[in-house]
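Protein chains: 2
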Amino acid sequence: MMPDPIQTALERLEILGRISDDPSRLVRTFLSPANRVAAETVGAWMEAAGMETSHAADGTIRGILPGTDPTAKPLLLGSHLDTVIDAGKYDGALGIIAALAAIESLPEPPAHPIHLLGFSDEEGVRFHTTYLGSRSVTGPLDAETLATPDASGRSIAEAIEKEGWHEGATTIHYEPRSTCGYVELHIEQGRVLEEAGEPACVVSAISGQARVTVSLDGLADHAGTTPMPLRRDALGGAAACILEAEAIACADPPLVITVGSISIHPGASNCIPGSARFTIDLRHPGDERRLHHLTALEEKFAAIATERGLGFHWKLVQDDPSAPCDPALTDALLEALESVSGSRRSMPSGAGHDAVALSKLGPIAMLFLRCREGLSHHPDEFASPEDIATGIHILTRFLARL
Amino acid sequence: MMPDPIQTALERLEILGRISDDPSRLVRTFLSPANRVAAETVGAWMEAAGMETSHAADGTIRGILPGTDPTAKPLLLGSHLDTVIDAGKYDGALGIIAALAAIESLPEPPAHPIHLLGFSDEEGVRFHTTYLGSRSVTGPLDAETLATPDASGRSIAEAIEKEGWHEGATTIHYEPRSTCGYVELHIEQGRVLEEAGEPACVVSAISGQARVTVSLDGLADHAGTTPMPLRRDALGGAAACILEAEAIACADPPLVITVGSISIHPGASNCIPGSARFTIDLRHPGDERRLHHLTALEEKFAAIATERGLGFHWKLVQDDPSAPCDPALTDALLEALESVSGSRRSMPSGAGHDAVALSKLGPIAMLFLRCREGLSHHPDEFASPEDIATGIHILTRFLARL
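Heads up: the protein sequence lines correspond to chains L and E, in order. When we follow my numbering, the leftmost residue of the first sequence carries the number 6, and every step to the right adds one. When we follow my numbering, the leftmost residue of the second sequence carries the number 6, and every step to the right adds one.
Structure follows, in structure tokens:
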């Protein structure tokens, strides 16, 4: 009797969850020994599922299931093998393992070839980059990226040369329009599905993200001897900005704005804050709305600073466009979702995923699975076996219908 | 020809400003060598002015000018000799030197004896206490205070025993109602006089001060994947509290409320703050209003926390009552102020002074002098020679009329 692909997938998740560079917690980073073992392990599972495997020197693993139509472009599936430090076992790994289980569950060979990719780096822990593995399959990394140093000063280029998986390595690159798309399953990393009581949904777009550093400069005065009208309190100004950002975000869902970090100077309880510095993280699935709100926020903050006699400095440190999911591919995924779970829920992803990098090649689509309390990047990260089975069923149906 | 007392005072300020434990900046702390030299120097000036001097083992210096009325209680004048680290030369020292110049300017001996006190500690730098020197003249320090350790672990009692000025020391203590009051001149340490364009004013009361630590606990969620309605953002709650505190203070002058310190956790730009902790410094010259506002603030904050689904913790860490100035003594000072400067301005002191400790003995009154940009506790602290002369004239007139 054939082993049950879902049971196998759950066991594989446990196995991958124990392949770690640190015996006391889960951590696999770009080119680390554990990341290589994880790729080899996944490669062996791919071969057992009848796929032909290859790997890139940077540690990305690929399995190819031939299609019955020799002219069809391949469909790409995948997610990442690397983790954050002290990670959970679902983020990344589940996407690869669930896709493999779906391939194993197919009643007959697909028309399109299926390429399953286990990317060597999405989290960017070692080099503070993102999508290093998935970006690499869309074309060679540029010289600036390759020169990025890790904490020890070793560049990405040197790391690949000295630590890469060179034996039997091949180049895994795709040209734009050479595939019929990329589909990724991932845990939601949020609480929307849990609140809705639904196991899965499709993703409408991966939100664009702007990051801003804001500084307000007032006057550090004595807390006892400075009457309120004479104050130029930088923290008061920051508080007004924080509430303004909150109000703007609440008024236009799915916009989210977060002030996650703040520091003030001098920071003594008996001293009026002379300066405040805080961060803005603004995400929206629509590029036009993101830019609109970014401009609106800057104008509101400038007005608050002027009104309070504060110096104002706005520094845009990152502004990534959104990656919309492909309507046709997403419709097919939605049909599979509906037939398995009865829901047609769709939502934007506020977190980045390998699909962002893959969107350079062609259409993308994503399936989100419910995770407990929205928790991720934490050892308590959890998706239930039932929800994982649901996710595999949806992917299987999607592949079978393609 | 007699030297001009005002010119002499200005020169003495420069001399005291160079008596420091650190050659690169002004610092004199409780029982430090420089604090002892400063007391000896002031003692010599007192003697030159015809005063009989004595000193306490803790370093407080006193000069006594006999009065013509043998039954009259003494009038106390004074301020502190110690400084903060990297101090200006006016805070404390000016009060002693100006009083001495006023005594020297008296056209004839006063009816009351005048006791001029140079306290060994007001700033509390070494032991994180306040008014150590001035409290000591109102009675022996209690055992708990005497056991307070400095950074090296040495207690106040040990420090006085091992480092005190024991040669020729006497006990300088006053019983309650044994004096006719205490009068102190001090720089304002705020910008009210500068804004008003006036050189001096009297003090109506030294404000009571409450210090509170506030904690708000929410949930540290992912900045990208948590829609606004699902957030329990502790910093959003803190921002609402900060603006509420500001509004309450602005609505009831001379109330002042300051949030001078804030920290949030986890404090990453892509993470919704799960907890926020900030300080409240609330001062008002009226005890009833201070307590009223403290209660109102706690209630408002609790409501904000409830509305936002945040845990709320309010910890009162200090609550000192106000020290009202004596109406009769203050009227006499006001008359002197008006006759010299034409103003009858009075304001509460938001900063603490030795007069708070002396209020235990009897009536107190204070004269504030304008200081540039309200700056104090800083090497750029500055009061103009003209304003210092005005202060000395006011004190002289006050003493002459007593």
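Quick reminder that beta carbons are idealized off the backbone N, C-alpha and C, glycines included.
(request) Tell me residue 187 (chain E)'s beta-bridge partners as DSSP assigns them. (result) E:81 and E:369, per the DSSP bridge assignment.
(request) Would you tell me roughly how many angstroms separate the C-alpha atoms of residue 404 (chain E) and residue 250 (chain E), rounded to the nearest one? (result) Straight-line Cα distance between these residues: approximately 42 angstroms.
(request) Would you tell me roughly how many angstroms separate the C-alpha atoms of residue 363 (chain E) and residue 375 (chain E), rounded to the nearest one? (result) Rounded to the nearest angstrom, the two C-alpha atoms are 23 angstroms apart.
(request) Output the distance between the C-alpha atoms of residue 280 (chain E) and residue 222 (chain E), rounded to the nearest integer angstrom. (result) Roughly 4 angstroms between the two C-alpha positions.
(request) Consult DSSP for residue 390 (chain E) and reduce its assignment to one of helix, strand or coil. (result) Residue state for residue 390 (chain E) is assigned as helix, using DSSP reduced to three classes.
(message) Whole angstroms are fine: how far does the CA of residue 100 (chain L) sit from the CA of residue 14 (chain L)?
(response) The C-alpha of residue 14 (chain L) lies about 11 angstroms from the C-alpha of residue 100 (chain L).
(message) Taking 8 angstroms as the cut-off, does the stretch 309-325 of chain E touch the stretch 235-249 of chain E (at least 3 CB pairs, one atom from each stretch)?
(response) They touch, by the three-pair rule.
(message) Determine whether the beta carbon atoms of residue 211 (chain L) and residue 381 (chain L) lie at a separation below 8 angstroms.
(response) For residue 211 (chain L) and residue 381 (chain L), no; Cβs fall outside 8 angstroms.
(message) So, at 6 angstroms on beta carbons, what are the nonlocal neighbours of residue 52 (chain L) in its own chain, with the 5 sequence-adjacent residues on each side left out?
(response) Closer than 6 angstroms at the Cβ level, and outside the excluded window around residue 52 (chain L), lie 58.
(message) Runs of 4 residues minimum, wholly inside the stretch 133-195 of chain E: which ones carry the alpha helix (DSSP H) assignment?
(response) Listed in chain order, they are 137-141, 148-151 and 161-168.
(message) Taking contact to mean 3 or more Cβ pairs, one atom from each stretch, closer than 8 angstroms, check whether the stretch 217-234 of chain L and the stretch 340-350 of chain L are in contact.
(response) Taking 8 angstroms as the limit for Cβ pairs, the verdict is that the stretch 340-350 of chain L does not touch the stretch 217-234 of chain L.
(message) Rounded to the nearest angstrom, what separates residue 217 (chain E) and residue 152 (chain L) at their Cα positions?
(response) Distance between the alpha carbons of residue 217 (chain E) and residue 152 (chain L): 50 angstroms.
(request) Go ahead and label residue 321 (chain E) buried or exposed: buried means 16 or more other beta carbons lie within 10 angstroms of its beta carbon, across all protein chains shown. (result) Burial state of residue 321 (chain E) is exposed, judged by a 10 Å Cβ sphere holding fewer than 16 other Cβ atoms.
(message) Between residue 379 (chain L) and chain E, is any beta-carbon pair separated by less than 8 angstroms?
(response) Yes, its Cβ sits closer than 8 angstroms to a Cβ of chain E.
(request) Please name the residue in E:16, E:372, E:75 and E:123 whose C-alpha comes closest to that of residue 188 (chain E). (result) Ranked by how close their Cα comes to the Cα of residue 188 (chain E), the residues E:16, E:372, E:75 and E:123 have E:372 in first place.
(message) Does residue 180 (chain L) pass the burial test, meaning 16 or more other C-beta atoms within 10 Å, or should it be called exposed?
(response) Burial call: exposed.
(request) Along the beta strand (DSSP E) that carries residue 282 (chain L), what are the first and last residues, could you check? (result) Here the beta strand (DSSP E) through residue 282 (chain L) covers 280-289.
(request) Would you please state the rounded distance, in angstroms, between the beta carbons of residue 119 (chain E) and residue 79 (chain E)? I believe it to be under 8 angstroms. (result) Confirmed, Cβ separation roughly 7 angstroms.
(message) Taking beta-carbon pairs under 7 angstroms, can you tell me which members of the stretch 252-274 of chain L lie near chain E?
(response) For the stretch 252-274 of chain L, the set of positions with a beta-carbon nearer than 7 angstroms to some beta-carbon of chain E reads 254, 255, 258, 259, 261, 263, 264, 265, 266, 267, 269, 272, 273 and 274 in chain order.
(request) Would you identify the three-state DSSP class for residue 120 (chain L), choosing helix, strand or coil? (result) Per DSSP, reduced to three states, the secondary structure at residue 120 (chain L) is strand.
(message) As a quick exercise: from E:107, E:293, E:114 and E:143, pick the residue whose alpha carbon is nearest that of residue 10 (chain E).
(response) When each option's Cα is compared against that of residue 10 (chain E), the closest is E:107.
(message) At the level of alpha carbons, what is the spacing between residue 3 (chain L) and residue 341 (chain L)?
(response) With chain L represented from 6 up to 407, any question about residue 3 (chain L) goes unanswered, as that position is not in the structure.
(request) Taking only beta-carbon positions, decide if residue 247 (chain E) is within less than 8 angstroms of chain L. (result) Yes - at least one Cβ of chain L is within 8 angstroms of the one on residue 247 (chain E).
(message) If the cut-off is 7 angstroms on Cβ atoms, which residues from the stretch 223-237 of chain L count as contacting chain E, listed in chain order?
(response) Here the close residues are 226, 227, 228, 229, 230, 231, 232, 233 and 235.
(request) Would you mind reading off the limits of the alpha helix (DSSP H) that contains residue 335 (chain E)? (result) 332-346 is the extent of the alpha helix (DSSP H) around residue 335 (chain E).
(request) Please name the residues in the stretch 27-60 of chain E whose beta-carbon is closer than 7 angstroms to at least one beta-carbon of chain L, in chain order. (result) Residues of the stretch 27-60 of chain E with a C-beta less than 7 angstroms from any C-beta of chain L: none at all.
(request) Determine which residues of the stretch 277-304 of chain L have a Cβ less than 7 angstroms from any Cβ of chain E, and write them out in chain order. (result) Those would be 277, 278, 284, 286 and 288, in chain order.
(request) Return the CA-CA distance between residue 50 (chain E) and residue 213 (chain E), expressed in angstroms with no decimal places. (result) Whole-angstrom Cα-Cα distance: 35 angstroms.
(message) Classify residue 133 (chain E): buried if its beta carbon has 16 or more other beta carbons within 10 angstroms, exposed otherwise.
(response) Exposed, because fewer than 16 other Cβ atoms sit within 10 Å of the Cβ of residue 133 (chain E).
(message) Any beta carbon from chain E within less than 8 angstroms of residue 203 (chain L)'s own beta carbon?
(response) Chain E contact via Cβ: absent.
(message) Check whether the stretch 297-309 of chain E and the stretch 269-284 of chain E touch, using three or more Cβ-Cβ pairs below 8 angstroms as the test.
(response) Output reads no: the stretch 269-284 of chain E does not touch the stretch 297-309 of chain E.
(request) Could you tell me whether the stretch 32-39 of chain E touches the stretch 131-148 of chain L, where touching means 3 or more Cβ pairs closer than 8 angstroms? (result) Taking one beta carbon from each stretch, the stretch 32-39 of chain E and the stretch 131-148 of chain L have fewer than 3 pairs nearer than 8 angstroms; the two do not touch.
(request) Compare the C-alpha of residue 204 (chain E) against each of E:349, E:407, E:392 and E:8 and name the closest. (result) If we check each option's Cα against that of residue 204 (chain E), E:392 comes out closest.
(request) Might you give, ordered along the chain, the residues of its own chain that have their beta carbon closer than 6 angstroms to the beta carbon of residue 288 (chain E), omitting 5 neighbours on each side? (result) Take residue 288 (chain E), set aside five residues on each side of it, and the residues of its chain with a beta-carbon closer than 6 angstroms to its own are 212, 214, 261 and 355, in chain order.
(message) For residue 352 (chain E) and residue 401 (chain E), I'd like the C-alpha separation in whole angstroms.
(response) C-alpha separation (whole angstroms): 21 angstroms.
(message) Within the continuous alpha helix (DSSP H) that includes residue 306 (chain E), where are the two ends?
(response) That run of the alpha helix (DSSP H) goes 292-312.
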